[in-house]
Amino acid sequence: MPLADLPIDGNTRIAGLIAHPARHSLSPLMHNLSFISRGINARYCAFDVEADQLEAAIESIRALKMLGANVSMPYKEAVILFLDQLDQTSSLVGSVNTIVNRQGILTGYTTDGLGLVNSLKARGYSLQGKKITLAGAGGAGSPIAIQAALSGAGQISIFNRAYTSQGQTNSTAHKAKDLVEKITSISQTRAKFFPLEDKAAFRRELLSSDLYIDATSVGMGNQEGQSLVDHPSWLSNLTALVDTVYSPAQTRLLTQAQEARVPVRMNGLGMLIHQGAASFKLWTGQDMPVDQVEKALFS
Ligand code: ATR
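In my numbering, the protein residues as written are 13 to 311.
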């Protein structure tokens with residue numbers, strides 16, 4: 013449906029992104045296209061919110077009777093303080109990327125892990141019973157680990173650097189150990205933490221895994237062209253590989269996966285679209301037109 017057929021009027025509802033910075037986000041494009049395509053009288057805006065205005069911004073979701081919001085860096089954890097309740101995954105992970113406003117009650121969800129699981133599902137790949145090696149237990153890795161366990165993964169080996177460059181204990185490694193305990197308490201999935209410094213263990217776990225997920229920032233920004241994997245042969249037994257980086261679209265890791273002939277290879281764009289689709293479903297009850305959104309983002 014063209015935009016002109018869906019004018020903004022007295023009944024238009026608002027959803028939005030609360031983040032800092034927020035202007036570079038692909039979410040407005042993704043959700044506005046979906047609202048219009050589905051004939052839903054709503055619009056999505058990006059709100060660049062300063063830290064001292066976070067509470068006011070969340071309160072305005074209620075005051076303005078918004079559908080809800082997405083939350084991104086750096087507020088995914090801080091926002092919890094201002095919400096009424098959290099869903100199970102969100103409370104396990106301790107972060108929120110989606111807020112739903114139901115008659116003034118604000119509920120926090122995290123759809124990042126679901127985004128990864130559903131983007132694999134869209135390629136016909138199920139996590140049921142699979143052995144996964146996951147690198148990175150930060151903002152991207154934690155929800156992925158929890159969701160993978162909830163989706164029936166058989167085993168997860170979680171790698172993170174145990175030490176900082178100054179030789180101190182790394183706080184994300186602590187989180188990774190916490191994550192292992194949580195996974196063990198909520199699911200049948202066998203989970204184990206490994207220090208990423210132990211390259212022999214990393215190679216061994218990769219060689220005995222079905223799926224490798226890189227949820228670190230290696231491969232993007234000032235780490236573009238780098239990979240945690242020293243040789244493509246480490247990937248040769250995998251049936252799927254996901255690099256959560258989406259810019260650049262083809263990372264060094266994905267090139268290694270191609271060389272190792274890993275059948276299913278994905279960058280982070282699918283995860284991004286499917287986490288958005290899960291938010292869209294929570295706000296509207298409808299499915300995002302994923303193919304259309306994919307085309308728009310790729311062009
Ligand atoms: P995000 O929200 O993208 O996950 P984050 O929470 O800062 O961002 O986490 C980034 C992840 O990438 C962390 O697991 C980080 O590992 P550290 O805890 O050791 O910093 C990981 N990471 C970034 N650069 C890395 C590198 N060169 N080697 C290994 N891991 C790296």
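Think of the CB as a built atom: it goes at the ideal place given N, C-alpha and C, for glycine as much as any other residue.
Since the structure is predicted, the reported quantities are computational estimates derived from the model, not experimental observations.
Within the model, the alpha-carbon separation for GLY288 versus LEU281 is close to 11 Å.
Minimum Cα-Cα distance from ASN82 among the listed residues GLN65, THR123, ILE48, ILE52 corresponds to THR123.
In its chain, beyond the 5 residues on either side, ALA161, LEU162 have a beta carbon closer than 7 Å to the beta carbon of SER199.
About 7 Å separates the CB atoms of LEU240 and THR228; that is less than 8 Å, so the two are in contact. In this structure, DSSP gives GLN97 an extended state, which the three-state scheme calls strand. Per DSSP, the unbroken alpha helix (DSSP H) holding ARG216 starts and ends at 211 to 219.
In its chain, beyond the 5 residues on either side, TYR56, ALA58 have a beta carbon closer than 6 Å to the beta carbon of PRO40.
Judged by the Cβ position, ARG264 fails to qualify as a neighbour of the ligand ATR at the 6 Å threshold, every heavy atom of the ligand being at least this far. Judged by the Cβ position, SER229 qualifies as a neighbour of the ligand ATR at the 6 Å threshold, a heavy atom of the ligand being closer than this.
The beta carbon of THR196 sits closer than 7 Å to the beta carbons of ALA203 from its chain, once the five residues preceding and following it are set aside; these are given in chain order. For GLY288, the enclosing alpha helix (DSSP H) covers residues 281 to 296.
Membership of VAL61 in any beta strand (DSSP E) is not indicated, and neither H nor E is assigned to it by DSSP. The Cβ neighbour count for LEU66, taken over all protein chains shown within 10 Å, is at least 16; the residue is labelled buried.
Note: TYR121 is bridge-paired with THR110 in the DSSP secondary-structure output. In the DSSP assignment, ARG264 falls within the alpha helix (DSSP H) that extends over 264 to 271. Take SER248, set aside five residues on each side of it, and the residues of its chain with a beta-carbon closer than 7 Å to its own are ALA272, in chain order. Listed in chain order, the non-local C-beta contacts of ALA188 below 7 Å within the same chain comprise ALA149, ILE170, ASN172, PHE205, local neighbours out to five positions each way being set aside. For ASN23, the three-state secondary structure derived from DSSP is coil. The Cβ-Cβ distance between ILE92 and VAL112 does not fall below 7 Å.
ARG215 has its Cβ no nearer than 6 Å to any heavy atom of the ligand ATR.
Collapsing the DSSP output to three states places ALA152 in coil. Taking 6 Å as the cut-off, one finds at least one heavy atom of the ligand ATR near enough to the beta carbon of ARG173. Counting only the Cα atoms, THR110 lies some 14 Å from GLY151. In terms of Cβ geometry, ARG25 and LEU79 form a close pair [threshold 7 Å].
Placement of the Cβ of ASN82 at a distance of 6 Å or more from every heavy atom of the ligand ATR is found. GLY120 is positioned such that its CB atom lies closer than 7 Å to that of LEU98. Between the alpha carbons of VAL305 and GLY51 lies a distance of about 15 Å. Distances between the C-beta of GLY179 and the heavy atoms of the ligand ATR are all 6 Å or more.
Distance check between VAL192 and each of LEU146, THR176, ARG35 places LEU146 closest, using alpha-carbon atoms only. Annotation for HIS43: ALA27, TYR56, GLY288, PHE292 place their beta carbon closer than 7 Å to its own, counting only its chain and skipping 5 residues before and after. Relative to the ligand ATR, the nearest heavy atom lies less than 6 Å away from the CB of THR184.
Check the Cα spacing between PHE310 and each of PRO19, LEU38, ILE30: the tightest is with LEU38.
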